[in-house]
Each structure stands twice: as C-alpha cells, then as structure tokens.
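K.L.:
So that we are looking at the same thing, I have put the structure below in structure tokens.
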Amino acid sequence: MVESGIFYGTFVDPLLTRLRMRVTAEIKQGETVIDVACGTGAQVFALANRASQVTGVDLSQSMIDFANRRLRKTDLKNLTFHTADATRLEQFGDKSFDVAAMTLALHQFDPGLYEPILSEMKRVAKRIVIVDYAVPLPKNYAGLGSRIAEFMAGGEHNHNFKLYYKTGGLNSILPKHGIKIQKSAFIAKGAFQIVTAV
Ligand SMILES: C[S@@+](CC[C@H](N)C(=O)[O-])C[C@H]1O[C@@H](n2cnc3c(N)ncnc32)[C@H](O)[C@@H]1O
3 MVESGIFYGT
13 FVDPLLTRLR
23 MRVTAEIKQG
33 ETVIDVACGT
43 GAQVFALANR
53 ASQVTGVDLS
63 QSMIDFANRR
73 LRKTDLKNLT
83 FHTADATRLE
93 QFGDKSFDVA
103 AMTLALHQFD
113 PGLYEPILSE
123 MKRVAKRIVI
133 VDYAVPLPKN
143 YAGLGSRIAE
153 FMAGGEHNHN
163 FKLYYKTGGL
173 NSILPKHGIK
183 IQKSAFIAKG
193 AFQIVTAV
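In the working numbering, the protein residues as written are 3 to 200.
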C-alpha cells in the first residue's frame with residue numbers, strides 16, 4: 003500500500019522519536035544502511051550521525067519527494083532517497099550494505115510479498131534490523147493505541163495487519179523466510195518488537 007508523505011510526516015512521525023533512537027542504537031558507528039519502505043525518511047534522518055551512508059527507498063513518489071524536500075533543508079551529505087520497489091532492489095548489489103532496516107512496514111504488506119521483500123533485504127545487506135508490532139500486543143494503552151491506529155488505517159492496510167498478527171508477527175514470519183533472529187527486544191511499553199537478524 004503506497005501512502006502520502008504529508009499525512010505521515012504531520013501525524014505519525016512526531017510520535018515515534020524514541021523508537022527512531024532505539025533503532026539507531028542497533029547500528030554501529032560508520033556502518034552503511036539501506037532503509038526499506040522508508041516512508042518520509044524519518045528513520046533515515048535519525049541514522050545520519052551514526053551511519054556513514056544511509057539510503058532510503060520507498061515505492062511512493064510522494065514519500066520520496068517529502069524526504070528529499072526535507073533533505074534539501076539540511077547540509078547532510080550522507081543520505082540519499084530513491085523510489086524503488088522493496089521486492090526488486092536490483093539497483094543494489096549483493097551485500098552492498100552493512101544493514102538493511104525496515105521500521106513499521108512489514109505488517110502493512112500482503113503476506114505474499116514477505117518472501118520477495120525479505121530475500122531482497124538478505125541479499126543486499128549483511129545484517130537485518132526490523133521493527134514491527136509485537137504479537138501479542140500488550141493489554142495497555144500502547145497496545146490499545148496500536149490496534150486503534152491500525153483500525154483507522156483501514157482497508158488493505160488493516161487487512162494485512164490482521165494477517166500479520168494472525169501469522170504471529172516477526173517471531174513467526176522471519177524464521178519462515180529463512181531469517182535467523184539473533185537479538186530481540188520489546189519496546190514502547192511492549193507494543194513493538196525490534197529484531198536483529200541474519
Ligand atoms: C508504514 S509506511 C512507512 C514506515 C516507515 N518505514 C517509517 O518508519 O516511518 C510503509 C511504507 O511502505 C511503502 N511501500 C508500500 N509498498 C512498497 C513497496 N513494494 N516497496 C517499497 N515501499 C513500499 C509505502 O509507500 C509507505 O511509505
């Protein structure tokens with residue numbers, strides 16, 4: 003599902019600052035990172051001081067335009083944004099990044115796309131860092147807020163979230179697609195899981 007940069011940048015990004023810092027902490031100083039389905043690039047900007055080079059890719063031209071407008075207002079030289087389909091990252095060579103990251107995006111994809119997306123992430127990077135909803139979601143305001151956000155997203159997004167949830171989230175999906183979880187933690191009052199994998 004392709005989304006609008008202005009909506010996401012205005013209403014969603016400001017809520018996720020701490021999550022961005024937590025993801026950045028998984029990256030070693032000087033590593034190269036590709037952020038897949040980067041949206042407005044909020045995670046890419048958060049990585050700018052830690053990584054030597056960050057590449058954000060998203061299928062939505064609106065998201066990439068939003069990210070590039072923001073980039074032009076900075077003097078950062080180590081970030082680039084490209085329109086690209088996460089299932090076909092053919093412009094990037096094998097193991098051309100230290101890390102392939104994906105934040106809060108896997109749950110919104112049709113499960114039929116998990117395999118091509120995850121295998122492309124494995125192909126282009128030596129390590130994978132993925133953040134997405136914890137399954138089960140906690141019975142607190144963070145869990146309730148997550149359910150409401152996904153209900154409000156509606157349509158295809160909500161349908162795919164339900165399938166993600168039913169499948170068991172990252173702990174179930176990643177091993178099914180040949181990705182070995184090395185490290186895992188629950189963050190944001192237990193609403194999200196952050197996983198480092200190979
Ligand atoms: C939930 S949003 C962005 C999340 C973003 N990673 C963040 O942390 O803010 C999911 C993104 O996936 C993008 N998307 C959907 N299908 C895609 C595809 N096949 N390849 C790449 N990006 C895709 C959408 O355009 C949208 O920006």
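Cβ atoms here follow ideal geometry from the backbone N, Cα and C, with glycine treated the same way.
Computed from a predicted model, the values in this text were never measured in an experiment.
What does the Cβ neighbour count give for residue 148, buried or exposed, with the cut at 16 atoms within 10 Å?
P.N.:
So residue 148 ends up on the buried side.
K.L.:
CB of residue 148 to nearest heavy atom of ligand 1: below 8 Å?
P.N.:
Not so, every heavy atom of ligand 1 lies at least 8 Å from the Cβ.
K.L.:
Specify the secondary structure class of residue 198 as computed by DSSP and reduced to three states.
P.N.:
Strand, per DSSP.
K.L.:
According to the Cβ coordinates, are residue 158 and residue 101 closer than 9 Å?
P.N.:
No, they are not a contact pair.
K.L.:
Which term fits residue 146, buried or exposed, when burial requires 16 or more other beta carbons within 10 angstroms of its beta carbon?
P.N.:
Under this definition residue 146 is an exposed residue.
K.L.:
Under 6 Å Cβ to Cβ from residue 84, same chain only, skipping five residues before and after it: list those, please.
P.N.:
Excluding residues within five positions, the ones whose Cβ falls inside 6 Å are 59.
K.L.:
Quick one: which unbroken beta strand (DSSP E) runs of 3-plus residues sit fully inside the stretch 57-126? Chain order, please.
P.N.:
Here the runs fully enclosed are 81-85 and 99-105.
K.L.:
Do residue 53 and residue 22 have their CB atoms nearer than 9 Å?
P.N.:
Contact flag unset, no.
K.L.:
Hey, which unbroken runs of the beta strand (DSSP E) at 3 residues or more fall wholly within the stretch 128-190?
P.N.:
With a minimum length of 3 residues, the continuous beta strand (DSSP E) runs that stay inside the stretch 128-190 are 183-189.
K.L.:
For the beta strand (DSSP E) containing residue 34, name the first residue and the last one.
P.N.:
Where residue 34 is concerned, the enclosing beta strand (DSSP E) stretches over 34-38.
K.L.:
Just to confirm before moving on: does the CB-CB distance between residue 106 and residue 18 stay below 9 Å?
P.N.:
In this structure, residue 18 lies closer than 9 Å to residue 106 by Cβ.
K.L.:
Hey, could you find the ends of the alpha helix (DSSP H) residue 21 is sitting in?
P.N.:
Residue 21 -> alpha helix (DSSP H) spans 19-26.
K.L.:
For residue 195, count neighbouring C-beta atoms within 10 Å of its own C-beta (all shown protein chains included) and say buried if the count is 16 or more, exposed if not.
P.N.:
Its Cβ being crowded by 16 or more others within 10 Å, residue 195 is buried.
K.L.:
What is the rounded straight-line gap between the Cα of residue 173 and the Cα of residue 61?
P.N.:
Using only the alpha carbons, I get a separation of about 26 Å.
K.L.:
What do you reckon, is the C-beta of residue 62 under 8 Å from a heavy atom of ligand 1?
P.N.:
Because some heavy atom of ligand 1 lies under 8 Å away, the Cβ of residue 62 counts as near it: yes.
K.L.:
Buried or exposed: where does residue 57 fall if 16 or more other Cβ atoms within 10 Å of its Cβ makes it buried?
P.N.:
It counts as buried.
K.L.:
Could you tell me the distance, in whole angstroms, from the CA atom of residue 156 to the CA atom of residue 165?
P.N.:
Going by the C-alpha atoms only, they are around 13 Å apart.
K.L.:
Since residue 116 and residue 193 are thought to touch, with beta carbons under 8 Å apart, how far apart are those beta carbons, to the nearest angstrom?
P.N.:
No, residue 116 and residue 193 are not in contact; Cβ-Cβ is about 21 Å, not under 8 Å.
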